[in-house]
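According to full-length UniProt numbering, the sequence shown is numbered sequentially starting from 1. Glycine included, C-beta positions come from ideal geometry on N, C-alpha and C. One structure is given here, and the rest of the page talks about it.
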Amino acid sequence: MRKKPLIIGNWKMNLTLKEGVAFAQSLRDSLSGKNEVLCGICPSFVSLRDIGKVLEGSGIYMAAQNVHSSENGAYTGEVSAPMVKETGCTHVLIGHSERRNIFGETDAFINAKIKAALSVGLKPILCIGEKLNEREDGRTEYVIKNQLKDDLQGIRADEMKEFTIAYEPVWAIGTGKTALPEQANEVHSFIRSILAEKYGKYIAGNVYIQYGGSAKPENAYELLAQPEIDGLLVGGASIKLESFLHIIEAASNP
Ligand code: PGA
1 MRKKPLIIGN WKMNLTLKEG VAFAQSLRDS LSGKNEVLCG ICPSFVSLRD
51 IGKVLEGSGI YMAAQNVHSS ENGAYTGEVS APMVKETGCT HVLIGHSERR
101 NIFGETDAFI NAKIKAALSV GLKPILCIGE KLNEREDGRT EYVIKNQLKD
151 DLQGIRADEM KEFTIAYEPV WAIGTGKTAL PEQANEVHSF IRSILAEKYG
201 KYIAGNVYIQ YGGSAKPENA YELLAQPEID GLLVGGASIK LESFLHIIEA
251 ASNP
């Protein structure tokens with residue numbers, strides 16, 4: 001049996017506190033009584049607490065967009081896993097390509113962040129994906145394999161159950177260029193095979209693997225029709241309620 005699709009909206013640095021709370025209230029109302037799709041949003045740190053209150057009891061997940069690896073300390077401007085957890089977050093994005101490429105996050109740092117998140121019961125949504133030149137050079141699988149190897153260093157099978165992996169080809173993020181559904185499916189299948197080697201087929205089969213990169217109402221249905229695509233991580237199309245709801249609707253009509 002197929003899993004319920006998992007649709008997460010990554011708001012990035014969009015929507016103020018007021019806008020975010022209003023969005024969350026409308027989302028909650030629109031989805032009340034519906035349970036065909038698992039869904040969640042990733043607001044900015046400053047909105048988490050208030051949005052957490054709005055979403056309480058709704059079944060809608062809330063994820064932070066990032067977390068630091070240390071529990072506390074002299075890290076000006078950073079936010080720790082216990083702080084994120086207290087806001088009501090269930091999940092946290094880790095290793096988003098914007099963090100890797102704009103802010104220079106390494107796989108070792110990402111691995112430490114994953115461990116910090118797990119230690120307080122936050123479920124990691126680990127983002128991985130190749131850049132355009134890497135795909136053109138035929139190195140997609142090599143890049144994916146190495147990211148998984150380094151990011152999941154020391155992660156046990158019972159911890160792996162808490163994970164979502166988001167495959168986000170960097171060339172498709174915010175560019176309007178979506179990976180072809182078959183192209184994405186192929187990489188998802190490769191990711192699952194790597195997880196199966198390390199954690200066994202059962203756990204690999206249960207891990208959610210989302211696609212991200214210019215996912216929108218127009219292509220959501222086609223992407224989700226692929227057998228290995230368990231959900232979508234949506235950036236640009238998640239910050240307008242109407243388009244986010246259209247994606248959720250597409251996901252609820254397999
Ligand atoms: P996009 O972003 O949908 O705007 O391409 C996806 C993401 O970065 O998670």
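Would you say the beta carbon of Leu233 comes nearer than 7 angstroms to a heavy atom of ligand 1? The sequence position of residue 233 within the sequence shown is 233, counting from 1. Because some heavy atom of ligand 1 lies under 7 angstroms away, the Cβ of Leu233 counts as near it: yes.
Which word fits Asn101, buried or exposed, when buried means at least 16 other C-beta atoms lie within 10 angstroms of its C-beta? In the sequence shown, residue 101 corresponds to position 101, counting from 1. Result: exposed.
Determine the extent of the beta strand (DSSP E) in which Asn10 is found, giving its start and end residues. For the purposes of this step, residue 10 is identified with residue 10 of the sequence shown, where counting begins at 1. Here the beta strand (DSSP E) through Asn10 covers Leu6 to Asn10.
Here's the rule: buried if 16 or more other CB atoms are within 10 angstroms of the residue's CB, otherwise exposed. What is Met83? The sequence position of residue 83 within the sequence shown is 83, counting from 1. Classification of Met83: buried, given that the 10 Å Cβ count is 16 or more.
Classify Gly213: buried if its beta carbon has 16 or more other beta carbons within 10 angstroms, exposed otherwise. In the sequence shown, residue 213 corresponds to position 213, counting from 1. With 16 or more Cβ atoms within 10 Å of its Cβ, Gly213 is classed as buried.
So what's Gln226 in DSSP terms, helix, strand or just coil? One-based indexing of the sequence shown puts residue 226 at position 226. Here Gln226 sits in coil by DSSP.
Exposed unless 16 or more other CB atoms sit within 10 angstroms - verdict on Val46: Against the sequence shown, residue 46 aligns to sequence position 46. Looking at its Cβ environment, which holds fewer than 16 other Cβ atoms inside 10 Å, Val46 is exposed.
Beta strand (DSSP E) segment containing Met83, residue limits: Taking the sequence shown and counting its residues from 1, the one referred to as residue 83 is at position 83. Careful: Met83 lies outside any beta strand (DSSP E), inside the alpha helix (DSSP H) at Ala81 to Glu86.
For ligand 1, is there a heavy atom less than 7 angstroms away from the beta-carbon of Ala220? Reading the sequence shown from its first residue, position 220 is the one you call residue 220. Result no, Cβ not under 7 angstroms from ligand 1.
Range covered by the beta strand (DSSP E) that runs through Ile110: In the sequence shown, residue 110 corresponds to position 110, counting from 1. Taken as a continuous stretch (DSSP letters only), Ile110 belongs to no beta strand (DSSP E), being part of the alpha helix (DSSP H) at Asp107 to Ser119.
The segment 43-63 touching the segment 87-107, judged by at least three CB pairs closer than 8 angstroms: yes
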